Amino acid sequence: MTVQSSPTTFADRHIGARRQADIETMLKAVGYDSVDGLVDVAVPDSIRQARPLALKDALSEVEVLAELRKLAGKNKTAVQMIGQGYYDTVTPAVIRRNVLEAPAWYTAYTPYQPEISQGRLEALLNFQTMVQDLVGLPIANASLLDEATAVAEAVLMMRRANKNKEAHDGKTVLDADVMPQTIAVVKGRAEALGFEVEVADLSKGLPEGVINGIVLQQPGVSGRVFNHAEVIKAAKERGALVTVAADLLALTLITPPGEQGADIAVGSTQRFGVPLFFGGPHAAYMAVAKGLERSMPGRLVGVSKDDAGLPAYRLALQTREQHIRREKATSNICTAQALLAIVSSFYAVYHGPDGLKAIAERTHNHARTLATTLQVAGRELATETFFDTVTVSVPGKAAKVIAAAEARGINLRHIDEDTIGVSADETTTPEVLSAIAVAFGAGPVVEAKGFDLPAEVLRTSEFMQHPVFNTHRSETQLLRYIRRLSDRDLALDRTMIPLGSCTMKLNATAEMEAISWPEFASIHPFAPESQTVGWRELISGLEADLAEITGYDQVSLQPNAGSQGELAGLLAIRGYHRANGDTQRNICLIPASAHGTNAASAVLAGMKVVVVATAADGTIDHTDLDAKIEANKDALSAIMITYPSTHGVYDADVTEICEAVHAAGGQVYVDGANLNALVGLAQPGKFGGDVSHLNLHKTFCIPHGGGGPGVGPVAAKAHLAPFMPGDANKAAHQDGTGVAISASNFGSAGVLPISWAYVKLMGGEGLKEATKSALLAANYVAARLNEYFPVLYTGEGGLVAHECILDLRELTARTGVTAEDVAKRLIDYGFHAPTLAFPVAGTLMVEPTESEDLAEIDRFIDAMITIRKEIDQVANGDFSVENSPLRHAPHTASAVVNTDWTREYTREQAVFPVHHLKQDKYFPPVGRIDGAGGDRNLICSCPPLSEFEN
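Count the sequence shown with our numbering and you get residues 415 to 1364, in order.
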């Protein structure tokens, strides 16, 4: 017996099929003698990179963690009282350890297959209910990316939802007390779309002119708590819609926006237990008045019923999502911040309404104490009414006071040379207040007196009365609730998730280790640069590595989702053309097979979409492309292509396409969603791309977290570098340079140590081996399954790239069994389904990735072959499709133990179709869900427990 030696490098642990015997088995099925031989045929010579990646040699896990410790040590933790939308908070250990750091939660995929997502969907429904209750509006989503971009989404929503003919095309007015990073992001979006934005002090009334919508902040960035009822009423009388950006913790004490007549409420849930993370990821929220839900961006969890009539959760109104609506989309939002929304929802469950209110009162009283102390010492305050933030006038002494506080380990907000902001939070202590008083040169802290919230803004309504927020008071109860929900789901910790286009690979524990270290997690995004040396060194290092990997000259890590990276790249192209005087160039060519976000992002960048046809073999139709280029040559701005294509093939003509677009004066955007098939083999910045976005939550191992966090860096050639994202904490430039994409300069910085560690652990050779292994795995699946489910598209030598599309259309026509039936039946085998109906309806797209071992891939293949046999049973008349295990799938435990079993197949076939399931069996908590019924009867908050009892 030969004993297999243990893996010696991280690459050996990351790549599943590393045993030579396994590789030979896979190669034999594909028909090649070597992996290099397969790669040489599959990947066109015209795009192959000439030299190996110039990355440092791979480090071990111990070495990487030691390097991360060094970087963390260069950051300086402090008491963060800068505020401006970011606050220190306490992540309860039971939530940090069992949600944020638990693979059952962070490796889960977006809940498009709801039957195996009931746990995360319930947690997200709790999030929606929490938001709805706190803001006083009936429908909330789950969730958005950050507060600034959420406000931008609300502004665009007001512009399309306002039915008042006189106000529809009016300007958008932002209150002067809105967060400055929010103003910057909104102005950048408005400039691209060509509508007017005015910033005004709305406490003094509305400005003149026609107004489409207004945005208020509660509390304002100055700390001011203002009764918005009158300005909201005045806006409504003039036909405007109203958005309020509100702090959820403050709303436990303050009248919610919905009760004052607001149409939309947005904000961040960061201070509900989510670390500062140097700016993100943090879940933003949006809630809307009745009638606006169908035009609301983001994901919406709804309650429907399964085939047994039991309540079941699902994503509702999915046809609103941009990937379906494409150029008709009203938003380009794709990923949310699901994992962080889930953390926030468990924080609300942990504290309950009374606990949240107690935190808010304590925070407010700390601010009152500080204000009283400073006022007694003769300091002038900007406002007498505030929640947690005190703005103080210190003529000419701001720098001195800031330095004195920093010397005592406290960060304050430097507003200008004469003004300072101080924001209390749930971590503030009397000792901190004493140190701040000394920094201001004030006397000892005195008891709070005055500065009470005025009666007209006090909340009188109840909130969060559902039992879920009032039951789990002990840690034992909460721990079991968290476990109960995670057990309902299938995530990567339990099974392969063979999704095409959404690479679900290993998220190694060593990569995840550092994100919750205080030296990374407890840093404010606007902390002094002297305190963030380690963060900025890590970020610049990752940017340099990504530039080398992609062949581009510059990388920005600001975009906090792939869709936002797309927008950033297109805005860079737009800025470049405008700087050259080519303001007429606004046409974006997009192949019919492209990711849906492409078209949506192009529209948001102020471009007009022209669709290019797809040829029968899945490639771009060159005749149609040439015609579209010729017809639009003077107005051509860009083409967006995905490479390898969304059909899972390396198109050999990609360089010709790039050359043709360049010759017409356009730029080439290469969607980096499929970069997992290129790393180490080809560089988009070298074979014709001018700009790309990357998906760190795909190729570079940031986990999907049930639908986010995502990170979508934008990489560009030197000529586009001046137009890359700018710092949102500074004013956006009007010439198209430095447009802010996200609220903080480095977007979702908190998860960047994951990708940094992945690159260091793999090194250049390891990354290349991962790519080659992904190609081998995909071609193995294609070769094994082709006779059962024909592979729709192939490239050179009949090979695919990193994914393959299985065509079920002929089987469906012959038997009635649909691709959805197969997707649901796979749940009975313990698998998440492949990508359903994208990019071709009636198909399944499979991506095994490099991380799955041969045994797991074979388990999936065996499941698919067995399912094909069940389809043949339908074809042979053994049972009708309506009475087949395929149409009744997935099967719950309660369904098969029911004594009234009348189906035409056995219980054993239902739940144990292959032998190994008898030992390790996942039972879905619900049966097949009625999606259409859930959309007709929209319920988007926690149902009463009696629903489940019935």
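No residue lacks a Cβ here, since even glycine has one placed at the ideal position from N, Cα and C.
The structure presented is a predicted model; accordingly, all values stated were derived computationally and were not measured.
Exercise. If you run the structure through DSSP and keep just helix, strand and coil, what is MET1278?
Worked result: Your numbering for residue 1278 matches position 864 in the sequence shown. Helix at MET1278.
Exercise. Between LEU867 and the rest of its own chain, which residues show a CB-CB distance below 8 Å, the 5 nearest in sequence each way excluded?
Worked result: As a first step, residue 867 is located in the sequence shown; it is residue number 453 there, counting from the start. Correct list, in chain order: VAL639, LEU667, ILE668, HIS778, THR799, PHE801.
Exercise. Which two residues bound the contiguous beta strand (DSSP E) that contains GLU612?
Worked result: Here residue 612 corresponds to residue number 198 of the sequence shown, with the count starting at 1. Element bounds for GLU612: 611 to 614.
Problem set entry | Under 8 Å between C-beta atoms of ALA1251 and ALA1233 | Counted from its first residue, the sequence shown places residue 1251 at position 837. Counted from its first residue, the sequence shown places residue 1233 at position 819. Yes, they are a contact pair.
Exercise. Per the contact definition of three or more C-beta pairs closer than 8 Å, is the segment 1032 to 1046 in contact with the segment 1069 to 1080?
Worked result: yes
Exercise. Ordered along the chain, which non-local residues of its own chain (more than five positions away) have a Cβ less than 6 Å from that of GLY550?
Worked result: Taking the first residue of the sequence shown as position 1, residue 550 is located at position 136. Same-chain partners within the cutoff: PRO670, GLY672, GLU673.
Exercise. Short check: CB of ALA606 to CB of LEU985, under 8 Å?
Worked result: Numbered from its first residue, the sequence shown carries residue 606 at position 192. Numbered from its first residue, the sequence shown carries residue 985 at position 571. Cβ distance < 8 Å, so ALA606 and LEU985 count as in contact.
Exercise. Roughly how many angstroms lie between the CA atoms of TYR1319 and PRO1299, to the nearest whole one?
Worked result: Taking the sequence shown and counting its residues from 1, the one referred to as residue 1319 is at position 905. Taking the sequence shown and counting its residues from 1, the one referred to as residue 1299 is at position 885. Roughly 7 Å separates the two Cα atoms.
Exercise. Which class does GLN1148 belong to by DSSP, given the choice of helix, strand or coil?
Worked result: Here residue 1148 corresponds to residue number 734 of the sequence shown, with the count starting at 1. Its pLDDT being 48, under 50, GLN1148 is placed unreliably by the model, and the measurement read from it follows with that caveat. Three-state result, GLN1148: coil.
For this session: Go ahead and label SER1158 buried or exposed: buried means 16 or more other beta carbons lie within 10 angstroms of its beta carbon, across all protein chains shown.
Result: By one-based count along the sequence shown, residue 1158 stands at place 744. Result: buried.
Exercise. Straight-line CA distance for GLY1345 to GLU1322?
Worked result: Residue 1345 sits at position 931 when you count from the first residue of the sequence shown. Residue 1322 sits at position 908 when you count from the first residue of the sequence shown. Between GLY1345 and GLU1322, the C-alpha separation is close to 28 Å.
Exercise. Given a threshold of 16 other Cβ atoms within 10 Å of its Cβ, counted over all protein chains shown, does TRP1170 qualify as buried or as exposed?
Worked result: For the purposes of this step, residue 1170 is identified with residue 756 of the sequence shown, where counting begins at 1. Looking at its Cβ environment, which holds 16 or more other Cβ atoms inside 10 Å, TRP1170 is buried.
Exercise. ALA1309 and GLY1341 look like a contact to me (Cβ under 8 Å); what is the Cβ gap, rounded to whole Å?
Worked result: Here residue 1309 corresponds to residue number 895 of the sequence shown, with the count starting at 1. Here residue 1341 corresponds to residue number 927 of the sequence shown, with the count starting at 1. That pair is a contact at about 6 Å.
Problem set entry | Host alpha helix (DSSP H) of ARG1367 (start-end) | For residue 1367 there is no data in the structure shown, the boundaries of the chain being 415 and 1364.
Exercise. For the segment 563 to 590, which segments carrying the beta strand (DSSP E) assignment without a break, of at least 3 residues, lie completely within its bounds, in sequence order?
Worked result: 585 to 589
For this session: Below 8 Å CB to CB, which residues in the same chain sit around GLN1148 once its five sequence neighbours on both sides are set aside?
Result: The residue labelled residue 1148 in the question sits at position 734 within the sequence shown. Here GLN1148 scores only 48 on pLDDT, less than 50, and its place in the model is too uncertain to base an answer on.
Exercise. Rounded to a whole number of angstroms, what is the C-alpha to C-alpha distance between SER944 and THR491?
Worked result: Residue 944 sits at position 530 when you count from the first residue of the sequence shown. Residue 491 sits at position 77 when you count from the first residue of the sequence shown. Cα-Cα distance, rounded: 11 Å.
Exercise. Can you tell me the Cα-Cα spacing of ILE1368 and VAL1084, whole angstroms?
Worked result: This structure leaves residue 1368 out entirely; the chain is present only between 415 and 1364.
For this session: With a threshold of 16 other CB atoms inside 10 Å of the CB of GLY637, please say whether the residue is buried or exposed.
Result: Locating residue 637 in the sequence shown gives position 223, where the first residue counts as 1. Burial call: buried.
For this session: Consult DSSP for CYS1218 and reduce its assignment to one of helix, strand or coil.
Result: Position 804 of the sequence shown holds residue 1218. In this structure, CYS1218 counts as strand in the three-state DSSP scheme.
Exercise. How long is the line joining the alpha carbons of GLY499 and GLU561, rounded to whole angstroms?
Worked result: Taking the first residue of the sequence shown as 1, we reach residue 499 at position 85. Taking the first residue of the sequence shown as 1, we reach residue 561 at position 147. Approximately 8 Å, taken between the alpha carbons.
For this session: Select from VAL1026, THR1037, ILE1285, LEU981 the residue whose C-alpha is nearest the C-alpha of THR1011.
Result: Within the sequence shown, residue 1011 is the residue found at index 597, counting from 1. Measuring from the Cα of THR1011, the nearest candidate turns out to be LEU981.
Exercise. Per the contact definition of three or more C-beta pairs closer than 8 Å, is the segment 1241 to 1257 in contact with the segment 1164 to 1178?
Worked result: no
For this session: Use the C-beta contact count for SER1162: other C-beta atoms within 10 angstroms, 16 or more gives buried, fewer gives exposed.
Result: As a working note, residue 1162 is residue 748 in the sequence shown. Buried, by the Cβ-count rule.
Problem set entry | Cα-Cα separation between LEU714 and VAL444, rounded to whole angstroms | Within the sequence shown, numbered from 1, the residue matching residue 714 stands at position 300. Within the sequence shown, numbered from 1, the residue matching residue 444 stands at position 30. Using only the alpha carbons, I get a separation of about 42 Å.
Problem set entry | Neighbourhood of ALA518 by C-beta, 6 Å cutoff - its chain only, sequence neighbours within 5 removed | For the purposes of this step, residue 518 is taken as the residue at position 104 of the sequence shown. Correct list, in chain order: SER900, ALA905, ASP907.
For this session: Specify, as a first and last residue, the run of the alpha helix (DSSP H) that CYS1072 falls within.
Result: Your numbering for residue 1072 matches position 658 in the sequence shown. It spans 1068 to 1077 - the alpha helix (DSSP H) in which CYS1072 sits, taken as one unbroken run.
Exercise. Using DSSP with H/G/I as helix, E/B as strand and the rest coil, what is TYR966?
Worked result: The residue labelled residue 966 in the question sits at position 552 within the sequence shown. Note: TYR966 maps to coil in three-state DSSP.
Exercise. Would you report the Cα separation of VAL1288 and ASN1297, rounded to the nearest angstrom?
Worked result: Taking the sequence shown and counting its residues from 1, the one referred to as residue 1288 is at position 874. Taking the sequence shown and counting its residues from 1, the one referred to as residue 1297 is at position 883. If I take the Cα positions, the gap works out to 9 Å.
Problem set entry | the segment 914 to 930 contacting the segment 1107 to 1127, beta-carbon criterion three pairs below 8 Å | yes
Problem set entry | Cutoff 6 Å; reference ASP721; Cβ partners in own chain excluding five residues on either side | Residue 721 sits at position 307 when you count from the first residue of the sequence shown. GLY1341, ARG1342.
Problem set entry | Every unbroken beta strand (DSSP E) within the segment 942 to 1010, with a cutoff of 3 residues, ordered by chain | 968 to 970, 1001 to 1005
Problem set entry | Through-space distance from VAL1082 to GLY1102, alpha-carbon basis | On the sequence shown, position 688 is the one that residue 1102 refers to. On the sequence shown, position 668 is the one that residue 1082 refers to. Near 7 Å, if we compare the C-alpha coordinates of VAL1082 and GLY1102.
Exercise. Given 8 Å as the limit, is there contact between the segment 685 to 697 and the segment 933 to 940, that is, 3 or more CB pairs closer than that?
Worked result: yes
For this session: Measure from the C-beta of ALA1129 to each C-beta in chain D and report whether the shortest distance is under 8 Å.
Result: Looking for chain D here will not work: only one protein chain is present.
Exercise. Counting along the chain, where does the alpha helix (DSSP H) carrying GLY1372 start and finish?
Worked result: Beyond the ends of the chain as shown, which are 415 and 1364, falls residue 1372; an answer cannot be given.
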